[in-house]
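Presented below is the structure to which this report refers.
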Amino acid sequence: MIKKRSLGEIERIYLYSGMEFPHTSCGCFEAIDFYIPEVNGHGIVDRNYSDIAINGLPFSAMANQTGGGKQLAGFNGVSIQYISSPKFQQADGGHNILVWMPKAVKDRIAAFLPEDLLPKIATEEEVTDLNQLKDWLKEKNHPIVETWGDLEAEEEEDEYEEEGTMLPMGTVGMTIPGVGGGAGFKIILKNCKIHAESIIIKKIEPRRKKR
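Numbering follows UniProt numbering, in which position 28 of the sequence shown is assigned residue number 28; successive positions increment by one, without gaps.
Shown next as C-alpha cells:
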C-alpha cells in the first residue's frame, strides 16, 4: 500500500522510529527530532527556535532534509504533542534518547516527561556545543551514557584510514545512497582543494534500547 501510494518512492514506514524507515513529512511539522551521533542521542528543535541547534544547524537547514516527502534516517518531522506521548520513538528507546531541546519546548512538555529524566535533558541555557553536551550528560548520568561503550567499540571496529589524497581544483561530485529506503543525495564541491588523512562514511543504524 505504501509503495503504491508513494508511486514507488517509499517501501515501508515504521511509525515509532526516527532511525529506521521513518515516516515522511510535507514540511508543515512543528518540530524536528534529529539524531546526534556524537552522543548517540536525539535533539529536538521547533519552528519557533531562531538560534542554531546543538548540532550546528538551524531549523531551516534541517527542515530541507526532513520535509518534501524525503525518508532520511536521523531527521523526523514531529509535532510537540507527539514528543510528550509515551509512544514517542519507542523503537529507538523512547524518551530516554532525548538529550537536548530548546528551553521553551522543554517547559511546554515537562509535565509529560519522566521526572527523573527531565533535569538530565540539556537546553541552550546549559550547553552551547557538543563537547559541553557530552560533559553535561556524563555529569547528570543521563541514561544515554550507558550506550556509549557500544558506540565507541563499533567506531573502533568500523573506522579505516587511507593515505591522504589531494583533490584537484574543479568540480567533484559524490553520490551517497539514501538510508531507510529513500533516495540518495549528491554532494557537489566546486573550486576547492581538500586534503584528508582519512575519510569515514558510515550508515546510521538504529540503536535499540538495551533489554
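Just so you know, even glycine gets a beta-carbon here, dropped at the ideal spot from N, CA and C. Here the structure is a predicted model, which means the values were calculated and not measured.
Looking at Arg108 and the ligand GTP, is the gap between the Cβ and the nearest heavy atom below 7 Å?
Although the ligand GTP was asked about, the structure shown includes no ligands whatsoever.
Mapping DSSP to helix, strand and coil, what is Leu113?
coil
Assuming Val39 contacts Leu113 (C-beta within less than 8 Å), just tell me the rounded distance between them.
With 8 Å as the limit, Val39 and Leu113 do not qualify as a contact, their Cβ atoms being about 18 Å apart.
With contact counted as at least three CB pairs below 8 Å, one residue from each stretch, are the stretch 123-143 and the stretch 38-52 in contact?
yes
Tell whether a beta-carbon distance below 8 Å holds between Lys106 and Thr123.
Yes, these two residues count as a Cβ contact at 8 Å.
Inspect the beta-carbon positions of Ser25 and Ala91 and report whether they are closer than 8 Å.
no
So, with DSSP's three-state summary, where would you put His142?
coil
Nearest-angstrom Cα distance between Met19 and Tyr35?
Looking at the two C-alpha atoms, the distance is approximately 8 Å.
Of all the beta strand (DSSP E) runs that stay within the bounds of the stretch 84-134, which reach a length of 3 or more residues?
98-100
What does DSSP give as the partner residues of Tyr35 in its beta bridges?
His42
Near Leu15, what residues of its chain come up, given a Cβ to Cβ distance below 7 Å and the 5 sequence neighbours on each side ignored?
His23
Assuming the contact rule is C-beta atoms closer than 8 Å, Asp46 and Pro102 should be a hit. Round their C-beta distance to whole Å, please.
6 Å
Between which residues of its own chain and Pro119 is the CB-CB distance below 8 Å, once the five residues before and five after are set aside?
Lys140
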